[in-house]
Amino acid sequence: MPPMTEVEKKPGKLIVISNRLPITLTKDCDSWSVKLSSGGLVTALSGLKKEYPFTWVGWPGQDFSSTEKTKISNLLMENSCVPVFLDDKIADLHYNGFSNSVLWPLFHYHPAEMNFEDRAWEAYKAANEAFAKVVLSIAEEGDLIWIHDYHLMLLAQILQKGFKSKRKNIKIGWFLHTPFPSSEIFRILPVRQEILEGVLAADLIGFHTLEYSRHFISSCTRVLGLQSGSESVEYEGRNVRIGTFPIGIDPTTFIEAQKTPAVSDRIKDFKSRFKNKKIIVGVDRLDYIKGVPQKFLAYENLLKKHPEYIGNVVLVQVAVPSRGDVEEYQELMVNVNELVGLINGKYATIEYTPIHFLYKSVDFTELVSIYTTADVCLITSTRDGMNLVSYEYIACQNENNGVLVLSEFTGAASSLNGSLIVNPWDIDQVSESLHNALSMDTKSKARNYRMLSKYVNKHTAAYWGVSYVKALNKTNGSMYSVYKTQKLDPRYVQHEFMSAQGIRTIFISYDGTLCKTQDIPELAVPKEEEISMIKSLSLLPNTLLYISSGRSRDELVSWFGDLNVGLISEHGCFFRHPPNLNLRRKHLNSNGNLKEPSKFITHALQYGHPIEIDNGWFKLLNGNKASWKETVLPLLQHYTERTPGSLITMKEVTITWHYRLADPEFGLFQANELQNDLEKVLAHLPLSVSMGNRALEIKPSLCTVVTAVKNILANLFQSDSKVDFIMIGGSSKQDELLFNYLNNDTSVAQIDHQISFTVGKKQTEAEFFVPDVKSVMKILESMACTPAAD
Ligand SMILES: O=P(O)(O)OC[C@H]1O[C@H](O[C@H]2O[C@H](CO)[C@@H](O)[C@H](O)[C@H]2O)[C@H](O)[C@@H](O)[C@@H]1O
Ligand SMILES: O=c1ccn([C@@H]2O[C@H](COP(=O)(O)OP(=O)(O)O)[C@@H](O)[C@H]2O)c(=O)[nH]1
């Protein structure tokens with residue numbers, strides 16, 4: 006197990022949250038007693054508890070009167086449990102109505118069994134809110150919060166909002182115990198966006214297998230259009246970590262139990278009851294994902310194809326009653342009973358029953374005894390998050406080295422090398438594997454068992470719990486840092502703007518800031534009210550407004566050419582001042598060069614040299630010849646041909662390869678490949694290849710938006726008036742360069758009033774954020790309606 010060192014331990018506490026508390030409450034006369042219940046999660050987390058004590062928050066399993074609630078809370082507190090009381094109706098609709106009738110079937114590839122009802126969704130939200138209320142009341146600075154499973158997929162987001170107002174530095178993890186399906190299945194969910202955003206508020210999202218992680222990342226890309234890496238998703242500027250943490254069991258509990266007289270006696274009973282017979286065991290909750298009918302059909306096929314087993318093999322199937330309030334589970338019960346009747350009716354004799362079907366929960370002694378006696382364990386789940394029964398069987402086979410026949414659709418199949426992997430839908434294959442298992446020689450069994458046992462004994466429940474908590478601890482708690490960026494108040498902007506004594510400069514980026522981003526860029530045209538707001542601002546005295554964009558000069562001029570605004574095009578390759586500004590004659594010589602370079606100007610010139618070209622436009626040069634385009638174009642064309650939906654746009658200087666209309670995952674993959682190839686080809690040229698919003702941009706490395714702004718300011722500083730106000734508003738990676746410049750460049754420090762903001766909550770270098778494009782308008786309005794300062 007990975008040791009948890011003192012350094013890694015957080016000063017705060019660990020709070021574990023699952024739908025159900027790991028306890029059973031019973032009332033005897035007037036007093037309640039509490040008993041720890043069994044189950045995979047309880048066992049798995051008990052290993053962690055030894056290393057890292059925690060408080061467990063969950064639903065206590067029933068509703069109580071208000072007087073009883075206090076008693077129950079106190080009783081549970083003694084067991085480090087905190088209850089979330091839900092009224093019966095909400096609890097039923099949350100658990101049966103939504104969790105087990107919508108998310109469960111969908112996550113296990115059973116969309117036909119999904120019953121989506123609005124009232125169940127409302128109850129799901131209400132239950133998650135109720136959990137959040139309890140967690141918010143106990144969580145403190147520095148705590149780690151670990152949320153479990155599909156019942157609580159909105160909790161991280163609700164908590165994040167709650168903590169935001171309290172400014173808490175708390176890390177949130179969420180772990181899914183079921184599979185996460187392919188995005189093709191996930192996107193069926195009517196509330197797919199809400200569910201994904203609910204969990205993306207966490208700092209660490211964990212799954213049992215790499216496949217589930219990949220499916221989740223893919224859904225984020227396809228459903229939400231997010232950028233992702235192999236172990237992370239970018240959401241609201243945060244890097245949400247995605248990890249694989251396969252759960253395990255505590256094998257020592259089984260080994261210790263085997264040594265008890267109760268278990269040895271029971272093993273003796275079984276051996277004499279099934280003398281000279283081979284035993285196949287199956288232990289499953291009676292759930293349609295466990296493939297119990299498939300198991301029976303394969304077993305029947307074995308008896309049919311290998312009649313020598315009739316009378317010599319038995320299948321002991323424990324089917325634990327589960328979720329009986331959901332219709333699909335009731336139907337399954339009827340089907341399975343019928344099948345058992347048919348097979349037993351066909352192959353049974355007075356002395357022989359082929360299937361021993363136990364529709365009940367068995368106690369631990371019985372379970373360990375069955376596992377220990379069985380020659381084969383057969384698991385035919387059609388989908389299963391992990392399947393702990395497979396691990397438990399291995400833990401009990403230290404003497405007999407029994408054979409595990411395991412469905413390829415379980416999470417366990419990715420880890421349990423040494424088992425016979427089967428496709429439960431292929432009845433012939435499963436029955437042949439059963440035959441192989443029943444007839445396997447001792448040496449092969451021992452060889453397989455060595456591998457299985459090694460894995461199960463290393464990857465224990467405690468190993469899983471500690472690994473996860475360590476990883477959660479290591480996340481950078483991005484939630485907290487995001488919220489260090491405050492929302493920009495238009496009143497503050499107005500105050501700063503009015504207080505400025507001199508020239509007031511405003512640099513606003515176009516796409517995503519002034520105008521909402523569109524999938525087709527041609528549709529992102531400024532509206533009348535935006536144009537009129539820009540016009541009002543541009544008419545204010547001592548105010549210079551610059552609109553900055555990656556777009557071409559022509560496009561910007563077609564929208565804003567008639568206004569008295571400055572323009573920066575192609576992300577800094579060109580700029581022009583507001584046409585009414587009369588700087589040029591004063592400070593530039595006839596060649597367009599600055600007459601008396603100040604410290605500011607000299608500094609700017611190191612980064613690119615502007616020359617005037619036409620109609621007041623300046624072009625930034627860095628001595629780079631345009632022949633580089635001939636080098637890169639064939640490569641871009643090569644990728645365009647192989648990436649359906651991608652296209653190349655050529656502007657005056659920049660070339661961009663867009664993949665916004667391509668398959669999002671393939672597009673991103675190709676963009677990364679292209680970037681690598683370009684960097685090799687362009688290694689010795691002063692060009693930069695930058696990844697933007699589903700586009701790759703290539704341009705001279707010294708032509709940046711920062712260089713353009715530096716040059717603009719250098720020009721202004723040469724004028725008689727003092728620049729006393731600067732506002733930079735943006736939303737993209739290019740704008741982050743400008744925020745960084747504003748924060749770190751000593752030459753701008755002389756500007757007294759500085760404001761930078763980004764659009765949307767995110768990790769940013771900007772001082773402030775505004776929620777959306779509409780709020781940008783409010784900010785501009787706050788300045789447009791101010792009386793001029795002198
Ligand atoms: O509480 P129930 O509704 O009766 O269901 C029992 C548990 O079923 C699911 O188990 C999953 O978790 C196991 C441990 O990670 C995994 O091995 C198995 O494949 C999954 O099906 C459910 O996710 C749990 O929340 C339930 O407690
Ligand atoms: O009568 C029984 C039989 C089995 N189990 C336990 O139920 C868990 C089943 O976990 P698994 O991961 O296989 O599937 P799940 O039921 O969680 O989907 C295992 O720990 C079993 O030991 C149980 O609690 N009662």
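Count along the sequence shown starting at 1, add 5, and that's the number in this note's numbering.
Just so you know, even glycine gets a beta-carbon here, dropped at the ideal spot from N, CA and C.
Predicted, not measured: the structure shown is a model, and the values here were computed from it.
Between N428 and the set K295, G407, V321, the nearest pair of CA atoms involves K295. Around the beta carbon of M655, fewer than 16 other beta carbons lie within 10 angstroms, which makes this residue exposed. H213 sits in coil when the DSSP states are folded into three classes, being neither helix nor strand. A contact is defined here as three or more CB-CB pairs under 8 Å, and the stretch 269 to 278 meets this definition with respect to the stretch 372 to 384.
The C-alpha of S553 lies about 54 Å from the C-alpha of A418. DSSP, read as helix, strand or coil, puts D619 in coil.
If the five residues before and after S787 are omitted, its C-beta is found closer than 8 Å to the C-beta atoms of P495, R496, V498, Q499, F502, all from its own chain and listed in chain order.
At a cut-off of 7 Å, the beta-carbon of R388 does not count as near ligand 2: no heavy atom of the ligand is closer than that. In this model, S752 and I733 are separated by some 16 Å (Cα to Cα). If you draw a 10 Å sphere on the C-beta of M82, you find fewer than 16 other C-beta atoms in it, and that means exposed. Taking a 10 Å sphere around the C-beta of N422, we find fewer than 16 other C-beta atoms and assign the residue as exposed. Rounded to the nearest angstrom, the Cβ distance from P705 to V658 is 7 Å, consistent with a contact under 8 Å.
Pairing I426 with E413 gives a Cβ-Cβ distance under 8 Å. R699 places its beta carbon 8 Å or farther from that of H643. Here K138 carries a helix assignment [DSSP, helix/strand/coil].
In the three-state DSSP reduction, C708 falls in the coil class, being neither helix nor strand. As for any alpha helix (DSSP H) of minimum length 4 sitting wholly inside the stretch 443 to 491, the runs are 447 to 463, 466 to 479, 483 to 487, ordered along the chain. Residue environment: N716 is assigned as buried (16 or more neighbouring CB atoms within 10 Å of its CB, all protein chains considered). Taken through DSSP and simplified to helix, strand or coil, M732 comes out as strand. Contact between D208 and V245 is confirmed by a C-beta separation of about 7 Å, below the 8 Å threshold. When I760, L701, F762, R665 are compared, the shortest CA-CA separation from L231 is found for R665.
Here F103 is near A128, since their CB atoms are less than 8 Å apart. Using a cutoff of 7 Å, the CB of G147 does not count as near ligand 1, since none of the ligand's heavy atoms is closer than that.
Here the stretch 346 to 366 does not lie against the stretch 248 to 256, with fewer than 3 beta-carbon pairs under 8 Å apart. Apart from the 5 residues on each side of it in sequence, E305 sits with its Cβ closer than 6 Å to the Cβ of I348 in its chain, given in chain order. D154 has its CB nearer than 7 Å to a heavy atom of ligand 1.
Secondary structure at V323: strand, using DSSP grouped into helix, strand and coil. Taking a C-beta distance under 8 Å as the contact criterion, L549 and L586 qualify as a contact pair. Exclusion of the five residues before and after R124 leaves L98, G102 as the residues of its chain whose Cβ lies within less than 8 Å of its Cβ. If you check the C-beta of M158 against ligand 1, you find no heavy atom less than 7 Å away. In terms of Cβ geometry, L477 and L149 form a close pair [threshold 8 Å]. The C-beta of S632 has fewer than 16 other C-beta atoms within 10 Å across all chains shown, which makes the residue exposed. Note that the C-beta distance between G697 and L625 is not below 8 Å. Among the bridge pairs identified by DSSP, C34 is matched with none. About 6 Å separates the Cβ atoms of W126 and V196, confirming a contact at the 8 Å cut-off. In the three-state scheme derived from DSSP, where H, G and I count as helix and E and B as strand, W430 is classed as coil.
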